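Straight run, no breaks: the sequence shown in numbering that gives the first Met the number 0 ends on number 379. What follows is one structure encoded as structure tokens, with my remarks underneath.
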Amino acid sequence: MSHGFETLAIHAGQDPEARTGAVIPPIYQTSTYAQDAVGAPRLGYEYSRSGNPTRDALQECLAALEGGPVGLAFASGLAAEDTLLRAVCQPGDHVVIPDDAYGGTYRLFARVAQRWGLEFSPAKVSDPAAIRAAVQPGRTKIVWVETPTNPLLGIADIAALAAVAHDAGALLVVDNTFASPYLQQPIAFGADVVVHSTTKYIGGHSDVVGGALVVADAGLGEELRYHQNAMGAINGPFDAWLTLRGIKTLGVRMDRHCDNAERLAGYLDGHAKVAQVIYPGLPSHPGHEVAVKQMRRFGGMISFRAAGGEEHAVDICNRAKLFVLAESLGGVESLIEHPGRMTHASAAGSPLEVPGDLVRLSVGIETVDDLLADLEQALG
């Protein structure tokens, strides 16, 4: 019997604990486990880097939400990305990456993986022809996309890019952090691997850092599980428990994030002190039709360009009061930031450099009229 998303979020991997009937999975805060005999670990648990029941509950839930056979939880989103790259690629291989992406992802490719011998080419994820042109036959192992992208909220046609990647014998990897599995399930459209920073919408409360991979192929999942253990950047049991707690309300939170973001995007659109609003839910967004096809709703992230230029954008960020000036996103509280000087500073001078007049909002679940009032005063 199949279940709806909200039911899976509450129950997948989270049966009542067998010994006591505890409804919430326990935090197995242990590093090691007593074995029944030499070479006979109880229920397969021997050391918590290799396996932990709390992490296993989270991994099963993540797999169910994304519709894949294997989910894996990591210490951070970047730890998940690094493990994936080193499991799938080797020196001399090539990856196509977005020309608009999280600054930390770009830093991982440009400052870490490239020194290891992994080459990459940026391309526009909203243009399948540009992605195809960036592929190097015989060398490209991964086509890596975000949708929506960070911070310019570009939309990739997942099904179209899956065809491009598979024609080249490459994997399609989709960073689904901005959408969350509630709004978008890339595996259903042909993606091979889904990446998450679970720190963001999945955790949802700005109190835990984590990352995840969910795969479409069980064999690849087992290869990644081997590397997860061998490399060791695992999600700890308390972090896994906090993330599971957040997942339970993911659906209802995302609906409120979307409600509020739609109101704010409409308010900003056409505002005299805003040069451009970038939100996939606006019909003016060039990726709107694709987003309608593959997303349940359009998310809680808005970017806009300040009419007064970079200093105006910085002033808006500094004047906001209810919107907290902070990096990250996806929590219940609203955040504001200047990507060029904050989350994307590592991309300065690169093809992924973001406009200086850009402001990024992570719209929370507060009373929307209060958020509108704060933006009005911040715009000056």
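All C-beta atoms in this analysis are idealised placements derived from N, C-alpha and C, irrespective of residue type, glycine included. As the structure is a computational prediction, the values presented were derived from the model and not from experiment.
Of all the options Gly286, Pro338, Asp156, Leu182, which has the alpha carbon lying nearest to the alpha carbon of Tyr200?
Measuring from the Cα of Tyr200, the nearest candidate turns out to be Leu182.
Would you mind reading off the limits of the alpha helix (DSSP H) that contains Thr31?
No alpha helix (DSSP H) holds Thr31; DSSP gives it neither H nor E.
Kindly provide the ranges of any beta strand (DSSP E) runs that are 3 or more residues long and lie completely inside the stretch 67-149, ordered along the chain.
Counting whole runs of 3 or more residues, the stretch 67-149 contains the beta strand (DSSP E) stretches 69-73, 93-97, 118-122, 139-145.
Under a Cβ-count criterion, where at least 16 other Cβ atoms within 10 Å of its own Cβ denotes burial, should Asp368 be classed as buried or exposed?
Asp368 is exposed by the Cβ-count criterion.
Report the CB separation of Ala133 from Val95 in whole angstroms; it is logged as a contact under 8 Å.
That belief holds up - the Cβ atoms of Ala133 and Val95 are roughly 5 Å apart, short of 8 Å.
So, using beta-carbon positions, are Glu365 and Leu321 closer together than 8 Å?
Contact: yes.
Quick check: what's the CA-CA separation for Leu351 versus Val111?
Cα to Cα, Leu351 sits roughly 16 Å from Val111.
Are Ala290 and Pro279 close, meaning C-beta to C-beta below 8 Å?
Their beta carbons are under 8 Å apart, which means Ala290 touches Pro279 by this criterion.
Does the Cβ of Gln376 lie closer than 7 Å to at least one heavy atom of the ligand GTP?
Summarising the ligand content, the structure contains no ligands, and the ligand GTP is consequently not present.
Please report the straight-line C-alpha distance between Pro24 and Asn234, rounded to a whole angstrom.
Rounded to the nearest angstrom, the two C-alpha atoms are 16 Å apart.
If you drop the 5 nearest sequence neighbours on each side, which residues of the same chain put their C-beta closer than 8 Å to that of Arg252?
Counting only Cβ-Cβ distances below 8 Å, and skipping sequence neighbours, we find Tyr200, Gly203, Val331, Ile364.
Please give me, in chain order, every unbroken run of the alpha helix (DSSP H) with length at least 4 that falls completely inside the stretch 174-240.
Taking only runs of at least 4 residues, the alpha helix (DSSP H) segments lying wholly in the stretch 174-240 are 179-182, 217-230.
So if DSSP puts Phe303 in a beta bridge, which residue, or which two residues, is it bridged to?
Per DSSP, Val276, Val358.
On the criterion of 16 or more Cβ atoms from any shown chain inside 10 Å, does Asn317 qualify as buried, or is it exposed?
So Asn317 ends up on the exposed side.
Under 8 Å between the Cβ atoms of Phe297 and Cys257?
For Phe297 and Cys257, yes; Cβs fall inside 8 Å.
Work out the CA separation of Ala86 and Ala56 for me, nearest whole Å.
The straight-line gap from Cα to Cα measures roughly 23 Å.
So the candidates are Ile141, Gly220, Gly50; which of them puts its Cα closest to the Cα of His380?
Because the chain in this structure spans residues 0 to 379, residue 380 falls outside the shown range and cannot be described.
Alpha carbon to alpha carbon, what distance is there between Thr53 and Pro136?
Roughly 42 Å between the two C-alpha positions.
Can you list, in chain order, the residues of its chain whose CB lies under 6 Å from that of Cys88, leaving out five sequence neighbours each side?
Excluding positions up to five away in sequence, the list reads Leu117, Lys140.
Per DSSP, Ile335 forms a beta bridge with which residues?
The partner list for Ile335 (beta bridge, DSSP) reads Leu324, Leu360.
For the alpha helix (DSSP H) that Pro52 lies in, which residues bound it at each end?
52-65 is the extent of the alpha helix (DSSP H) around Pro52.
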